[in-house]
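Undergrad:
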Amino acid sequence: MADRKFRMSGGGNPRGVSAEGSDPLEAFKKIVEKRKKSNKRVVRLRLLPEKHEEEILFDIGLTSVRLWNELNYEKRQLFFKNDLKPEKRVEINRKYYHKYKKILGVNAGQVINKNEEAWNSFFELLKMKRQGRLSPHIRKISPPGYWKDRITGKKKIHILIRNDRYYLETVNEGEGRLILKDFKLSIRYVGRIRWEGKQGRLEIIYEADRWFAYIPIEVGVDPPKSNLKGYIKPNYKDKKNRIFNPRSIKQRDPIGDKKAFIDVGLNNLFAVVVSDGSALLVKGGTIKSEYYWWKREISTYQAVRDLLKNAGISTWMKYHEKYLRALYKRNERLRHLYRTAIRFLAEMLWSRGVEKIYVGYPIMLSQNNGNEYNNNIWWYRKIILWMIDVFIEYGIDIEIVSEDYTSIECSICEEIHRDGRIYRGLYICRKTNKKINADINAALNIAGRIGYKIIVTRKIESYLVSHNGVKPLIPLQRANTRDPEIRNLAL
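When the letters of the sequence shown are read in order and numbered with the numbering used here, they come out as residues 599 to 1089.
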């Protein structure tokens, strides 16, 4: 065992990290630890404004966009002349605040603050690049852009409201009204609010011909005495009573002390081995199918758009709108599939007494060998951060570990077989000639890194994620993702 670890860690530089730069795995661990300590959640509500309310929203939004674009244009011009000094930024901010204060009120300051946050992030990235601390896959850093579509020039509607200039009034479960004080608007919204706490800066965005409100919440934090209405309260009662205390993100305590080891992939989204010898697979074939279906739609709209545009036919803008809408719908549907699978996995592992999980970090795949699979379809970073948000609710801790060589190492004889992985899903031990699922083999190797020697004593359980929930797959039964009777256990 010691020889195996020495051989794997001493093979030059398995993760391709330069001695001068920071280790991406350690950098990601810091992000994970920060996420675990955070008590912030963001609620997305669907706004359903009346016709006259929508007209007012468009006026406010277009004014906010003009403020951002004019402010950003002046800063960009000074930056390209190497003359964007901090005192000039303050002067520009003050000038545009007074210019737009009569229309937007104090909310003009929120647009300016967001712009400053973008520029501060940009300068921080430039500093990291000069110091050689930037991730190797980041090759270009650009200053903040404009709130408009690059091809058509159509403005992207954003409205920012200060945290004390709005409040929510609950009407019933999943429905209420958003009150914008400065504009005397009372807009109906729909959406579930699970937590309560101090509200942050409201952001209203017009996406795919729909209005959405994004509200950050500091869970469990009381509002200031000067703004007692600036406190979000839940409007959703879980029928299974899983939300016991909306002032705390953690809702459950573990019912056991087991450990789970997870290899995150694409064909098998999650390959999980539990310390009691059980194993399960959550298959991601639906995610690939969804992606490739929308890829065909997107490429079709894009090809027709470019053909009409080159021919000088004005209807090309219609297909550009369809192209943007297809991009949006693809991302939303993939997001739903991923989050459904994560919620199911959290509920499943909690019910089996798991208190901590170890997740493999595929540094070589994510940093050096980027392709369509791991850049467009497989959202590893988002998956891990979403897992943290959900697993915290169940009291399950998460730790990220390296998974170098876990795909080619044999969990049976503890040797590396370069030709052990025959094809998708099958791994053969060249020493004992035993067969094992390739992703379960990787999860067992992750367990071995932590010091656990696990023998899978039960039949591997398989599940398929779909838009109707997660369906268990049993032998001799084909997957039917449209079956409405078998739902996600976590819903």
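We treat Cβ as the ideally placed atom computed from N, Cα and C, and that holds for glycine.
Taking the beta carbon of residue 861 as the centre, do at least 16 other beta carbons fall within 10 Å, making it buried, or is it exposed?
TA: By the 10 Å Cβ count, residue 861 comes out buried.
Undergrad: So what's residue 1077 in DSSP terms, helix, strand or just coil?
TA: Low local confidence applies: a pLDDT of 47 at residue 1077 is under 50, so the model's placement there is unreliable, and no value is given.
Undergrad: Under 8 Å, do residue 988 and residue 941 count as touching if we go by C-beta distance?
TA: Yes, Cβ-Cβ distance for residue 988 and residue 941 is below 8 Å.
Undergrad: Is the region 1035-1051 touching the region 863-878 in the sense that three or more CB pairs, one from each, lie closer than 8 Å?
TA: Flag = yes, the region 863-878 and the region 1035-1051 touch.
Undergrad: Bridge partners of residue 897, per DSSP?
TA: None, per the DSSP bridge assignment.
Undergrad: In whole angstroms, what separates the C-alpha of residue 619 from that of residue 729?
TA: Residue confidence for residue 619 is low, a pLDDT of 47 falling below 50, so the modelled location carries little weight; the figure read from the coordinates is stated next. So the alpha carbons of these two residues sit roughly 9 Å apart.
Undergrad: If you draw a straight line from the C-alpha of residue 902 to the C-alpha of residue 914, how long is it?
TA: If you take the alpha carbons of residue 902 and residue 914, they lie about 7 Å apart.
Undergrad: For the alpha helix (DSSP H) holding residue 756, just list the boundary residues, first then last.
TA: Not the alpha helix (DSSP H): residue 756 falls in the beta strand (DSSP E), residues 756-759.
Undergrad: Consult DSSP for residue 768 and reduce its assignment to one of helix, strand or coil.
TA: Reduced to three states, the DSSP call for residue 768 is strand.
Undergrad: Along the chain, which unbroken stretches of the alpha helix (DSSP H) at least 4 residues long are found entirely within the region 680-760?
TA: Within the region 680-760, the complete alpha helix (DSSP H) runs of at least 4 residues are 684-702 and 706-728.
Undergrad: Can you give the beta carbon distance from residue 799 to residue 760, rounded, assuming they're within the 8 Å contact cut?
TA: Indeed they touch by this definition, with Cβ atoms about 6 Å apart.
Undergrad: Do you know how far the Cα of residue 1064 is from the Cα of residue 930?
TA: Roughly 14 Å between the two C-alpha positions.
Undergrad: Contact check, residue 808 vs residue 664 under 8 Å by CB: the rounded distance?
TA: Between residue 664 and residue 808 the Cβ distance is about 22 Å, and since that is not below 8 Å, they are no contact.
Undergrad: With a threshold of 6 Å on Cβ separation, who are the neighbours of residue 1029 within its own chain once the five nearest residues in sequence on each side are excluded?
TA: These residues qualify, in order along the chain: 1011.
Undergrad: Here's a check: name, in chain order, each residue in its chain whose Cβ is nearer than 8 Å to the Cβ of residue 845, leaving out the five neighbours to either side.
TA: Only 793, 794, 795, 817 and 818 meet the Cβ criterion.
Undergrad: Spatial neighbours of residue 805 within its chain, please: CB distance less than 7 Å, with the 5 preceding and 5 following residues excluded, ordered by chain position.
TA: So the list reads 926, once near-sequence residues are dropped.
Undergrad: Can you give me the C-alpha to C-alpha distance between residue 626 and residue 1048, rounded to a whole angstrom?
TA: Taking the straight line joining both Cα atoms gives about 18 Å.
Undergrad: Compare the C-beta of residue 1007 against all C-beta atoms of chain B and say whether one is closer than 8 Å.
TA: The displayed structure is made up of one protein chain only, and chain B is not part of it.
Undergrad: Near residue 896, which residues of its chain fall below 8 Å by C-beta distance, leaving aside the five closest residues on each side in sequence?
TA: Taken in chain order, the residues that qualify are 921, 924, 925 and 928.
Undergrad: Name the DSSP beta bridge partners of residue 868, please?
TA: Partner(s): 862 and 880.
Undergrad: So, at 7 Å on beta carbons, what are the nonlocal neighbours of residue 1055 in its own chain, with the 5 sequence-adjacent residues on each side left out?
TA: Cβ neighbours of residue 1055 beyond the five flanking positions: 875.
Undergrad: Since residue 630 and residue 955 are thought to touch, with beta carbons under 8 Å apart, how far apart are those beta carbons, to the nearest angstrom?
TA: The Cβ separation is near 12 Å, so there is no contact.
Undergrad: Here's the rule: buried if 16 or more other CB atoms are within 10 angstroms of the residue's CB, otherwise exposed. What is residue 650?
TA: Exposed, since its Cβ has fewer than 16 Cβ neighbours within 10 Å.
Undergrad: With a threshold of 8 Å, are at least 3 pairs of Cβ atoms found where one atom belongs to the region 632-643 and the other to the region 706-722?
TA: Short answer: they don't touch.
Undergrad: What does a CB cutoff of less than 6 Å around residue 1072 pick up in its chain, not counting 5 residues either side in sequence?
TA: Contacts found: none.
Undergrad: Could you tell me which residues DSSP pairs with residue 786 in its beta bridges?
TA: Answer by DSSP bridge pairing, in chain order: 646 and 775.
Undergrad: Could you tell me which of 762, 981 and 757 sits nearest to residue 824, measuring between CA atoms?
TA: Measuring from the Cα of residue 824, the nearest candidate turns out to be 762.
Undergrad: Would you check if the distance between the CB atom of residue 947 and the CB atom of residue 1058 is smaller than 8 Å?
TA: Cβ distance not < 8 Å, so residue 947 and residue 1058 don't count as in contact.
Undergrad: Output the distance between the C-alpha atoms of residue 812 and residue 790, rounded to the nearest integer angstrom.
TA: Approximately 12 Å between the Cα atoms of the pair.
Undergrad: Could you have a look at residue 619 and say whether DSSP puts it in helix, strand or coil?
TA: The predicted model places residue 619 with a pLDDT of 47, which falls under 50 and marks its position as unreliable, so this point remains unresolved.
Undergrad: How would you write the range of the alpha helix (DSSP H) that residue 988 sits in, first residue to last?
TA: Unbroken alpha helix (DSSP H) run through residue 988: 978-991.
Undergrad: Using the Cβ count rule (16 or more neighbours within 10 Å means buried), how would you classify residue 1070?
TA: Exposed, by the Cβ-count rule.
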